[in-house]
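**Q** The sequence shown begins at -10 in the numbering used here and counts up one residue at a time.
Please read through the structure below; I'll follow up with questions.
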Amino acid sequence: MDALGLPDWIIWGIIAVVLLIAEMMTTVYVALGFALAAVAVAVLVWLLPGLPVLVQALVWAALGLLVWLGLSRWNTARRKNRRDINDFDSLESLPESDRKKRTPPGDAPDQ
């Protein structure tokens, strides 16, 4: 990867920044996973200079997929444990002394 005469780790850093910007503009974790993988590959290439481009791309793709799948599973589990905001009972917001027992419309007490 000799684009613009920059070292490989800088190019992977640029890719990571571009993907992070894309992540901020979307609502999915795909770009975030591949951005984190690009940072990992940048560190790997910095530690092991001269790593073939094919190996860099394979490491990036594999790590990006693993991070993305991990984030999506974590987010799914987090959403399952969250209370549904549409399931609201207005009586719960009142103090105990102000609550009246609900009676179904057909079971109204005689007056």
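Note that beta-carbon positions come from the ideal geometry of N, C-alpha and C, so glycine has one too.
Excluding the 5 residues preceding and the 5 following V28 in the sequence, name in chain order all residues of the same chain whose CB lies nearer than 7 Å to its CB.
**A** Excluding residues within five positions, the ones whose Cβ falls inside 7 Å are A5.
**Q** In terms of residues, what are the limits of the alpha helix (DSSP H) holding D(-3)?
**A** D(-3) to M14
**Q** Cβ atoms of A26 and G53: under 8 Å apart, would you say?
**A** yes
**Q** Could you tell me the distance, in whole angstroms, from the CA atom of G2 to the CA atom of A24?
**A** 9 Å
**Q** Cα-Cα, which of I74, A51 and Y18 is closest to S61?
**A** The shortest C-alpha separation from S61 is found at Y18.
**Q** Applying the 10 Å Cβ sphere with the 16-neighbour rule, what's the burial state of L8?
**A** buried
**Q** So what does DSSP say about N64, is it helix, strand or coil?
**A** helix
**Q** Rounded to the nearest angstrom, what separates A46 and I0 at their Cα positions?
**A** Using only the alpha carbons, I get a separation of about 12 Å.
**Q** How about L33 and V56: do their beta carbons lie closer than 8 Å?
**A** no
**Q** Whose CA, out of R72, E81, A51 and P41, lies closest to the CA of W(-2)?
**A** P41
**Q** How many Å lie between G22 and A51 at the Cα?
**A** 10 Å
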